[in-house]
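Note sheet for the following structure.
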Amino acid sequence: MKAFVYNGPGKSALEDRPKPVIAAPTDAIVKIRKTTICGTDLHILKGDVPSCKPGRILGHEGVGIIDSVGAAVTGFKAGDHVLISCVSACGTCAFCRKQMYSHCTTGGWILGNTIDGTQAEFVRTPYADMSLYHIPKDADEEALVMLSDILPTGLECGVLNGQVQPGNSVAIVGAGPVGLAALLTAQFYSPGRIIMIDLDDNRLAIAKQFGATDTINSANGKALQAVMTLTDKCGVDTAIEAVGLPATFELCEKLVAAGGHIANIGVHGHKVDLHLESLWDRNITITTRLVDTATIPMLFKTVTASKVDPSVLITHHFTLDQILDAYAAFGNAAKTKALKVIISP
Ligand SMILES: NC(=O)c1ccc[n+]([C@@H]2O[C@H](COP(=O)([O-])OP(=O)(O)OC[C@H]3O[C@@H](n4cnc5c(N)ncnc54)[C@H](O)[C@@H]3O)[C@@H](O)[C@H]2O)c1
Ligand SMILES: [Zn+2]
Ligand SMILES: [Zn+2]
């Protein structure tokens, strides 16, 4: 089968790989119908994620049709139409018991990281019963690809950890798909102000369409002053970091209000300074989180009830043969205006 393989920092290729086989009775093999590229895949290609070794098939998002299941899988059978969570969960370890699936002792974020992923014709999904979801009959499968990772990520790591509340002010640094997913899901909680900060005017214009009350292009280095002007010099109740760079986390440290929350989402490959000399008396909370995808069932309901439409995040379509073009489009979003790219075999 065809598969997109990470071969070390800066090196990747579409290669021919054997079709995966059931390795444990709890596995399923899924024939991929749609997958996509995450900002995290870009971090892997840069060498920011050391757990992902050369030779790995990338990709941790997707929908497909079950090809076969192991003997212990009871909730799924060949032919079922499924959504694949980016996190695999055994369901029985101490972390899974508290819905912290991302730290499952034998699972977690392993797909496209420590085991082969979804940017291929087939994928082996461990713990199928806990890690796959049935797709309802008339659902838009393309939109549901956004539920594998980015919608739960924006919601869990950004909005829920950041304790977004009615009337409060929120700043989201990074208007990529994940920052925009935080923007969409923050609106479940009716914040009064959502300020979107990025370097890319196109993404900021999209953020405005998706419900941002204010947008700031931080290229001029004046984002902090702009946020202070918008918030009566208080700063924001919730600052969500959705980039993964020292500068953007440090900006969140500056623009958070007293008593506020900094909710980190970004994958950081470099050390970041924690400025306790200015934060020690500010009563703030800093959270980090690897997405658990525990909110996928709830997000399914919000999508089905048209409370949120994740398909607005999809801008480009490619075939698996064109995956290098898909990476080029996603990696050069300022030029290509790409948000999420859908890749089909
Ligand atoms: N914690 C988790 O579980 C989890 C899950 C998924 C993704 N992530 C991470 O979330 C982050 C965002 O993912 P994405 O897919 O949206 O990535 P992306 O690369 O598409 O988006 C990043 C955005 O940040 C903007 N940006 C870059 N430098 C900036 C700066 N100095 N100031 C302001 N904006 C800047 C870019 O213009 C872009 O719009 C990544 O770090 C990704 O690895 C984390
Ligand atoms: Zn991801
Ligand atoms: Zn577990």
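Each residue of the sequence shown is one higher than the one before, counting from 81 in my numbering. From the three backbone atoms N, C-alpha and C, an ideal C-beta is built for every residue, glycine too. These numbers were taken from a predicted model, which means no experiment stands behind them.
Beta-carbon contacts of residue i that lie in its chain and below 6 Å, excluding the five residues immediately before and after
i    : result
C184 : A169, C170, C173, F175 and C176
H397 : I422
R136 : Y86
Residues that DSSP places opposite residue i in a beta bridge
i    : result
H140 : In the DSSP output, where bridge partners are listed per residue, H140 has none listed.
A200 : A83
G188 : S168
I109 : S148 and R204
R273 : S249
S424 : T399
V162 : G144 and H214
L94  : F84
D294 : I275
Coil, strand or helix - residue i by DSSP
i    : result
E236 : helix
M378 : helix
S249 : strand
G339 : strand
R362 : coil
T318 : strand
A266 : helix
D278 : strand
S386 : coil
T367 : strand
V392 : helix
I124 : helix
A287 : helix
H183 : helix
V153 : coil
N241 : coil
K114 : strand
Close-in-space but distant-in-sequence residues of the same chain around residue i (CB under 8 Å, 5 per side omitted)
i    : result
K126 : P89, G90 and G349
H341 : N241, G242, Q243, D317, T318, A319, I364, T365, I366 and T367
Alpha-carbon spacing of residue i relative to residue j, whole angstroms
i    : j    : result
M276 : V149 : 43 Å
L231 : S358 : 33 Å
M308 : A409 : 35 Å
R273 : A151 : 51 Å
C132 : F84  : 14 Å
K387 : G291 : 13 Å
C332 : Q179 : 28 Å
Beta-carbon separation (whole angstroms), residue i vs residue j, contact threshold 8 Å
i    : j    : result
K415 : T116 : At roughly 19 Å, the Cβ-Cβ gap does not stay under 8 Å, so K415 and T116 are not in contact.
L94  : K111 : No, L94 and K111 are not in contact; Cβ-Cβ is about 18 Å, not under 8 Å.
G247 : P271 : 7 Å
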